[in-house]
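Enquirer:
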Amino acid sequence: MSPTTDSQDPFFTPFSSSTEVPERFSFLKDNKPHPLCLLAAKQLQAYLSNQKDWEHNFGLSPGQEGSIIGKMFGVLAVQNSKNELGYLAAFSGKLAGGNHHSKFVPPVYDSLHQDSFLNDGMAELNRMNKEIKEAEVLMEEDQKEKISLLKKNRKIHSNTLQNELFNHYNFLNQRGEIKSLNEIFKAASYKNPPAGAGECAGPKLLQYAFQHQMKPLAIAEFWWGKSPKSAQWKHTNYYPCCKEKCQPILAHMLDGIDCNK
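Sequential numbering from 1 applies to the sequence shown in my numbering.
#1: At the level of alpha carbons, what is the spacing between lysine 144 and alanine 135?
#2: Less than 7 Å between C-beta atoms, sequence neighbours within five positions excluded: which residues of the same chain meet that for leucine 205?
#3: Only counting runs of 3 or more residues, tell me where the beta strand (DSSP E) segments fall wholly within the stretch 128-160, in order along the chain.
#4: Let me confirm a value: glutamate 199 is counted as buried when at least 16 other C-beta atoms fall within 10 Å, else exposed. Which label applies?
#5: DSSP has cysteine 259 in a bridge; who is on the other side?
#6: Report yes or no: do the stretch 20-35 and the stretch 210-218 share at least 3 C-beta pairs separated by less than 8 Å?
#7: Judging by CA-CA distance, which residue of Asp142, Lys151 and Thr13 is the nearest neighbour of methionine 128?
#8: Anyone know if the C-beta pair for isoleucine 11 and tyrosine 208 falls short of 8 Å?
#9: Let me confirm a value: serine 2 is counted as buried when at least 16 other C-beta atoms fall within 10 Å, else exposed. Which label applies?
#10: If you reduce the DSSP assignment to three classes, tell me which class phenylalanine 91 lands in.
#11: Determine the closest residue to glutamate 65 out of Glu55, Met72 and Glu140, with distance taken between C-alpha atoms.
#12: Grab the span of the beta strand (DSSP E) containing methionine 72 for me, first residue to last.
#13: By the 10 Å Cβ neighbour count, where 16 or more other Cβ atoms means buried, how is histidine 113 classified, buried or exposed?
#14: Tell me, please, whether the stretch 39-59 touches the stretch 92-100 by the rule of three or more beta-carbon pairs shorter than 8 Å.
#15: Counting C-beta neighbours from all protein chains within 10 Å, is the total for serine 26 16 or more, i.e. buried, or is it exposed?
#16: Taking all protein chains shown into account, decide if valine 78 is buried (16 or more other Cβ within 10 angstroms of its Cβ) or exposed.
#17: Would you call proline 193 buried or exposed, if buried means 16 or more other Cβ atoms sit within 10 Å of its Cβ?
#18: Is it right to say glycine 196 is buried, meaning 16 or more other beta carbons lie within 10 angstroms of its own, or is it exposed?
#19: Give me the Cα-Cα distance between asparagine 159 and asparagine 83, rounded to the nearest whole angstrom.
Pasting the structure below:
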């Protein structure tokens, strides 16, 4: 397959108007995005308000079916190989039950792919859970040792599966250097990567930019939807990339890039 050119790139959206280009890679400053990201975010929010490509209950439309799940979205202002300015968009986690949607860059690793090792691993974990429940129902004396062994094996299998999953998330930087989640968080003195690491919008955006020879210029993330009970995120408000899950990853991905933090 021939490489995708910028003019054919389905995820690169040219800006509808021009604005200043930052001298250094720009994050939020005083909770305000760079003008390029503000322009990109407004375009993306207009799309989210009117799109009919998929259905997801953000809690913004009364009577909509499905669980209410607000979502963090991200935009990355970039310059492509033709020196054209535009932006990439991404969502954190999954959207409408999937990883792939038009306008949004793909995940770093697609754990939902039908051929993913994770499917077989989760099937085996479910089988173990079922076997443990059946043994616990019997509650016979000779089952105690069996249950203890089953739970031990389940823990080993679960840890092995999680470790393999983390090794499938590999992140680029501008130098083309690749590091897995395990390598990144071990270097940051974490015992294990946090759950959900690598699924946030920021790493997805930078990964796609580096894979397609685009220069990242500025990044911003905003919350779209009803505020969750466990957090203070507000609809359309901008927030910095999360520290626990993203900071170690971004430190690797932005290594060597002059940043305005």
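Idealized CB from N, CA, C, for every residue including glycine. Treat the numbers as computed from the prediction; the structure is a model and nothing was measured.
Expert: Taking the geometry as given:
#1: Straight-line Cα distance between these residues: approximately 8 Å.
#2: Gly74, Leu76, Leu88, Ala90, Val105 and Ile219
#3: none
#4: buried
#5: DSSP links cysteine 259 through a beta bridge to Phe25.
#6: yes
#7: When only C-alpha atoms are compared, the closest one is Lys151.
#8: Here residue 11 is phenylalanine; the residue named in the question, isoleucine, does not match the sequence. Taking C-beta atoms as the reference points, phenylalanine 11 and tyrosine 208 count as a pair closer than 8 Å.
#9: The predicted model places serine 2 with a pLDDT of 36, which falls under 50 and marks its position as unreliable, so this point remains unresolved.
#10: strand
#11: Glu55
#12: Its beta strand (DSSP E) spans residues 71-79.
#13: exposed
#14: yes
#15: Under this definition serine 26 is a buried residue.
#16: Buried is the label assigned to valine 78, since at least 16 other Cβ atoms lie within 10 Å of its Cβ.
#17: buried
#18: exposed
#19: Our two residues, asparagine 159 and asparagine 83, have alpha carbons roughly 45 Å apart in a direct line.
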